[in-house]
Every structure is written in C-alpha cells, then in structure tokens.
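**Student:** Sequential numbering from 1 applies to the sequence shown in UniProt numbering.
This is the structure I want to talk about, given as structure tokens.
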Amino acid sequence: MEEKAGEMVDMVVAYRQKLAGLTGVCKIFFRNLVKTFQDGLSEVGPAVAAAAAAAVATAPAESSDDAVDPLQPLHQDDSS
Numbered sequence: 001m002e003e004k005a006g007e008m009v010d011m012v013v014a015y016r017q018k019l020a021g022l023t024g025v026c027k028i029f030f031r032n033l034v035k036t037f038q039d040g041l042s043e044v045g046p047a048v049a050a051a052a053a054a055a056v057a058t059a060p061a062e063s064s065d066d067a068v069d070p071l072q073p074l075h076q077d078d079s080s
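Given below as structure tokens:
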C-alpha cells in the first residue's frame, strides 16, 4: 500500500513539474506575442502587408442580400 502511495506522490510531483514548465513556456510565448502586437508587427514586413492589402482590395464585395444573419437558423423548413 505504501509503495502505491509513493508511486502516486512521484506521479504528482512529475505532473506539477511538467505543468510548471508548460506554464512558463506559455507565459513567454504570450509575452512575446503581446510585445509583437505592441511593436506594430514589424517582423511581418511591408511586402506581406502590401500583399494582404491588395488581396482585400481585389476581393469581391459581399452584398447585403448574401450576408448571413447569425441570429437566423441556417435552414428554414418551407413545408409548413
């Protein structure tokens, strides 16, 4: 019985260490992501920004008749 308890303690310790490591990785990732947004996404570069702007400019405009109303059901039953 004590042997199983010892194994469980070891598993919990290993889990907590792994969780702490992953939490640290996430913290660093999101800190870098926020810094990137605050710096204006400078590493994206002007070429990518220009290509994205051109894609938006050449995309066909969506008419209001084709727009999907998120409050309406997708399929309406016309049989009633």
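Cβ atoms here follow ideal geometry from the backbone N, Cα and C, with glycine treated the same way.
Can you tell me the Cα-Cα spacing of Asp-10 and Leu-19, whole angstroms?
**Tutor:** 14 Å
**Student:** So, with DSSP's three-state summary, where would you put Leu-22?
**Tutor:** helix
**Student:** Taking 6 Å as the limit between beta carbons, can you name the residues of its chain near Val-13, skipping five residues before and five after?
**Tutor:** none
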